[in-house]
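2 protein chains.
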Amino acid sequence: MAETPIRFGILGCAGIARKLSRAISLAPNAALYAIGSRSLEKATNFAASNGFPESAKIYGSYDAVLDDPNVDAVYLPLPTSLHIKWAVLAAEKKKHILLEKPVALNVGEFDKILEACELNGVQLMDSTMWMHNPRTAKMKEFLSDPQKFGQLRSINAVFTFAADQDFLENDIRVKPDLDALGALGDAGWYCIRAILWANDFNLPKSVTALPGTIFNKVGVIISCGAALQWEDGKVATFHCSFLSNLTMTITATGTKGTLHLHDFVIPFEEKQGSFTTSTESGFTELVTGWAPLPSQHTVMTDIPQEVRMVTEFSRLVKSVKNGGGVVEKMWPTLSRKTQFVLDAVKVSVEKGGEAVSLS
Amino acid sequence: MAETPIRFGILGCAGIARKLSRAISLAPNAALYAIGSRSLEKATNFAASNGFPESAKIYGSYDAVLDDPNVDAVYLPLPTSLHIKWAVLAAEKKKHILLEKPVALNVGEFDKILEACELNGVQLMDSTMWMHNPRTAKMKEFLSDPQKFGQLRSINAVFTFAADQDFLENDIRVKPDLDALGALGDAGWYCIRAILWANDFNLPKSVTALPGTIFNKVGVIISCGAALQWEDGKVATFHCSFLSNLTMTITATGTKGTLHLHDFVIPFEEKQGSFTTSTESGFTELVTGWAPLPSQHTVMTDIPQEVRMVTEFSRLVKSVKNGGGVVEKMWPTLSRKTQFVLDAVKVSVEKGGEAVSLS
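Structure below.
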């Protein structure tokens, strides 16, 4: 007997929901079940063009999705300012939640979401897809190897993309009432997540916004960066922006090794992902070249990272359903730490680059 | 009739002088002519093991090299604190100067060197080898292309290497009376030079040391970083350290393109150098990969960068000798700008990360 898949309802027809719809339909333990939009027509069109089955429920409101007793879980790609309302409501309706990032406008809001999830025995995971790429696990193996990488000393993360004029004027990510965190919440989220990931999610002792933050006319960050510092002397920097060509780079240095990759958020190619490592690098005689040379590692990813994410989330949801309510706390904890550091960067930006202590 | 090569005298037997000796002997317009050390024995051994001709002059003092009327130019790899004394003396003896970096302990000292050079019609060039790699010119072409790269928006440079215990205790670069600028003067010099190079040597409006500077027991910087900011919103960061595995990375983002390379100071291989570019990068349908993909460019370097440097320096010296004293001002200007920014980083470090204005 085939396992019943986790039935997903999607709230809203955001562009990113197209990618997630495909991922849900490809995940063996998940199924596209319902789509809700404030416009029934939009929902109908979305379902038709994104592989929803004939039997899928098409709703003209988000509430209707949450009220459908057959919906196990919702994917929530709404603007960040709406997360608190709809995630809390979803939790209250016992819907498990796959939540787009940033998870909230601030940790205070996210804590209310978490409270509702805990109260209702609901699994929450944020939609940071690259965390689920098998390449990520391979890179972590390298970073955790005392012989190959040693202790982490520094990390730089860059995530930028060149938004076009329409985006810069009309996208939800440049609107103070929608995704008020702008480039920091969007691209910066990934940089902060990568930095924390490389640090085994140990929080920095302080966060300092870098000079050069750029705001749009209505005060939303469209370019910024920060420096993070740990008790033990580790340092990190990141830069995120809507104003530079697409770039997704990590450079991590350890006492013994170095890690590089240039597509950490979305791999260049769907079916494989690479990264470069070096260990105890030195020079040839007379310093005319390197010895040993760095090595490139390629990890096959026949199952795309977003499909793995949906599969893992669905597995956890299934386990909650079967086991009577035991949720996996790791994922919400990672979300909260990312948001916590992101909040601190925002505070430092607002204070003109003053260091913000996290201890 | 073959051209007379420029006759080099080397002051001191520093490790790096071995690489330069080879470069001088490979450069078609330069010749190893003299070596001076405070120890005649060291000078003799150095000459014997570094390809000096039988006829080379071996001197037991630096003064003797400067007093030899046949020496056209000196290569000066002495500890930074000695640059002012020996570079000024060399200039006064009309010796053209190839000067190791950092060029001085501060711009004030360097200005005295420059004054002596100007007064005596002496050509000065600092020994930043990668500037002379043909790859550098190719990268600059890309960065200057309004269609392929657009306007520079951000740049991150990392130069670290894992010094061993002996280095950390005994190398001149950890001694306050020798190379007092430590990792900033050594590795940081290259990062600052790269950042300025990418910015067409326009100076930033301000420089801010990043949190996390590490000093050794005698107060010399062994790890630090800084953020630089330009009037037009461009930003740069760098990290330099003696405490991380060898890493030499540049990530530059422009409005239309991105540049990456991981061996900017010393190419992985002597005979070729690569870099990666991307232009107007975007995603495939459904954002499951990149389109277009980045492209790798390889530049053949049959003549190593340090040989090109010596050749160019010797060409300029020859032209001064032939032309009656017209020196090329560009090289000392680049040296001075690099030192100027480096000084500002040091001041910001000393002020605990306060922004230092350069305007």
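Going down the list, the protein sequences come from chains F and S.
For the first sequence, this note's numbering begins at 5 and goes up steadily by one.
For the second sequence, this note's numbering begins at 5 and goes up steadily by one.
C-beta: ideal position from N, C-alpha, C; glycine also.
In this structure, L80/S is the residue among L80/S, E96/S, M135/S, K97/S with its C-alpha nearest to the C-alpha of A108/S. Take the alpha-carbon of E96/F and the one of I117/F: they are about 10 Å apart. The Cβ atoms of S25/F and K209/F do not sit closer than 8 Å to each other. Residue-level contact check: V162/S touches chain F, since one or more beta carbons of chain F fall below 8 Å from its beta carbon. The closest CA to that of G293/S, considering only F242/F, M252/F, G186/F, K61/F, is found on M252/F. Close to chain F, meaning a Cβ-Cβ distance shorter than 8 Å, are the following residues of the region 202–232 of chain S: S210, T212, L214, P215, G216, I218, S227, G229, A231. By the CB criterion at 8 Å, G261/F and F146/F fall inside the cutoff. For E235/S, no pairing in a beta bridge is given by DSSP. Under the Cβ criterion of 8 Å, H136/S is not counted among the residues facing chain F.
DSSP places N174/S in the helix class (H, G or I) of the three-state scheme. According to the DSSP assignment, S339/F belongs to the alpha helix (DSSP H) that extends over 334–354. The C-alpha of G277/F is placed about 11 Å away from the C-alpha of W134/F.
Under the three-pair Cβ rule at 8 Å, the region 36–50 of chain S counts as touching the region 58–72 of chain S. At a cut-off of 8 Å between C-beta atoms, W294/F counts as an interface residue with respect to chain S. In this structure, DSSP gives C228/F an extended state, which the three-state scheme calls strand. Cβ contact annotation for T140/S (same chain, cutoff 7 Å, sequence separation greater than five): W134, in chain order. Every unbroken stretch of the beta strand (DSSP E) spanning 3 or more residues and falling wholly within the region 102–182 of chain F is given here in chain order: 128–130, 156–166. Nearest CB-CB separation between D267/S and chain F: below the 8 Å threshold.
Inter-residue distance for W90/F and G16/F is about 11 Å (C-alpha atoms, whole angstroms). Residue pairing by DSSP places G13/F opposite A38/F, V78/F in a beta bridge. With 16 or more neighbouring CB atoms inside 10 Å of its own CB, Q233/F falls in the buried class. Looking at the DSSP output, T241/F bridges to N160/F, A231/F.
Within the same chain, F163, C244 come within 6 Å of A191/F by CB-CB distance, once the 5 residues on both sides are set aside.
Y63/F and N49/F have their alpha carbons spaced roughly 12 Å apart. Around the beta-carbon of L188/F, 16 or more other beta-carbon atoms lie within 10 Å, marking it buried. Here P106/F really is in contact with L346/F; their C-beta atoms are around 6 Å apart, less than 8 Å.
Fewer than three beta-carbon pairs drawn from the region 123–134 of chain F and the region 153–171 of chain F are found closer than 8 Å, and the two stretches are therefore not classed as touching. Comparing C-alpha distances from K142/S to each of F268/S, L320/S, A359/S, S318/S shows the shortest one belongs to F268/S. Chain-ordered, the chain S residues with CB closer than 7 Å to the CB of E274/F read T292, G293. The beta-bridge partner set that DSSP reports for A213/F consists of A230/F. The Cβ atoms of E332/F and Q169/F do not sit closer than 8 Å to each other. Classified as exposed, A295/S has fewer than 16 neighbouring CB atoms from the shown chains inside 10 Å of its CB. For R319/S and M313/S, the gap between their C-alpha atoms comes out near 10 Å.
Burial check for D204/S: the Cβ neighbour count within 10 Å stays below 16, so the residue is exposed.
Within chain F, F287, V291, T292, G293, W294 have C-beta atoms less than 8 Å from the C-beta of I270/S, given in sequence order. Interface annotation, L297/S: in contact with chain F, CB-CB separation under 8 Å.
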